[in-house]
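Each residue of the first sequence is one higher than the one before, starting from -4 at the first, in our numbering. Glycine included, every Cβ here is placed at the ideal spot set by N, Cα and C. I have placed the structure first, in the form of structure tokens, so that the comments after it can refer back to it.
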Amino acid sequence: MKIASFNVNSIRARLPIVIDWLTKESPDVLCVQELKCQDQDFPQDAFQEINYNVAYKGEKSYNGVALFSKLPIKDVRIGFDKKETYGPRLITATIYDIPIINTYVPQGFDPDSEKFIEKLEWLKRLHAFLKKNYDPGKPLLWVGDFNVAPEPIDVYDPEKLSGHAGYHPDEHAALRHLMDWGFVDVFRKHQPGPGLYTFWDYRIRNSVKRNLGWRIDHIWATKSLAKKSVDSWIDLGPRLQKKPSDHTPVVAKFEL
DNA sequence: ATGGTCGGCAACCGA
């Protein structure tokens, strides 16, 4: 089972890239974030034509998450609960008999801002959501744009970036709490080296060429499932296309 | 080299 996560920064602007990547790489499951599109405008037909099932929740301009899968997507759920106060940032389903959580964690803007507090609260709610709905002893995938680089090797300049949104001690504590619940960072299990990133800021000139990146997109699995992972990698292909997203896919393979 | 990041969407917000 091959699964990937890709923040597309607009599903409509990136449609050719996503279709091309699905066709070439043929993942069993793709988790997408930042649709930036209302549900009635989602380009569903393009994915049906290449035999992918899809579940999604979007809104105007911001956020939005989707699941693509070759096999049926069961028990789709949007958001933490019925009274969701945030934009669409969480979609869960069961595919290949594995429960999957796809998230677009709030970016947090600035550690002095209200948005940063909301980001930490969101991560707290996710922990409560896990405790309530899942068993860390059973297979589970948590995939998506976490908007946090967990370790010094996950950012291009840890000394300079320490304390910034995306690489802040409070975020690291929140992520550690989630990992302690029962997750393994599947990419890191297979790729121990530094300098491997999934995101490069558009605003930094030649950031990809200079590899001024962050590893903020992740594939985490509970221990019983992580035991079955056989490889994981970052696919630079989509980031080297003409009109790329600022993110590129992270992929993991499991032998179930 | 007289430029300078994107996308959405219609003036700026969010990243």
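Per DSSP, reduced to three states, the secondary structure at N128 is helical.
Residue environment for E29: buried (at least 16 other C-beta atoms within 10 angstroms of its C-beta). Inter-residue distance for A160 and Y151 is about 14 Å (C-alpha atoms, whole angstroms). The three-state reading of DSSP puts F182 in helix, counting H, G and I together. DSSP, read as helix, strand or coil, puts G158 in coil. Following the DSSP letters along the chain, one finds S219 inside the alpha helix (DSSP H) bounded by residues 218 to 221.
The secondary-structure analysis by DSSP pairs F1 across a beta bridge with V27. Here the alpha carbon of P244 sits roughly 20 Å from the alpha carbon of L220.
Exclusion of the five residues before and after K65 leaves D23 as the residues of its chain whose Cβ lies within less than 6 Å of its Cβ. Ranked by Cα distance from K126, the options W176, Y192, L25 are led by W176. In this structure P94 does not touch V60 by the C-beta definition: roughly 15 Å separates them, more than the 8 Å allowed. Looking at the backbone, the Cα of P147 and that of A8 are separated by about 32 Å. Distance check between K248 and each of P239, P11, W215, V3 places W215 closest, using alpha-carbon atoms only.
As computed with DSSP, T18 is found in no beta bridge at all.
When C-alpha distances from Q43 are compared across R198, V138, L17, the shortest belongs to L17.
Residues K223, V225 of the same chain have their beta carbon placed closer than 7 Å to that of E250, with the five preceding and five following residues left out of the count. Annotated three-state conformation of P147 is helix, per DSSP.
With fewer than 16 neighbouring CB atoms inside 10 Å of its own CB, I112 falls in the exposed class.
A direct Cα-to-Cα measurement between R72 and S56 gives close to 21 Å. C-alpha of E54 to C-alpha of D34: approximately 7 Å in a straight line. Beta-bridge annotation (DSSP): K248 is paired with K(-3), D226. DSSP places V138 within a strand segment (E or B) once states are collapsed to three.
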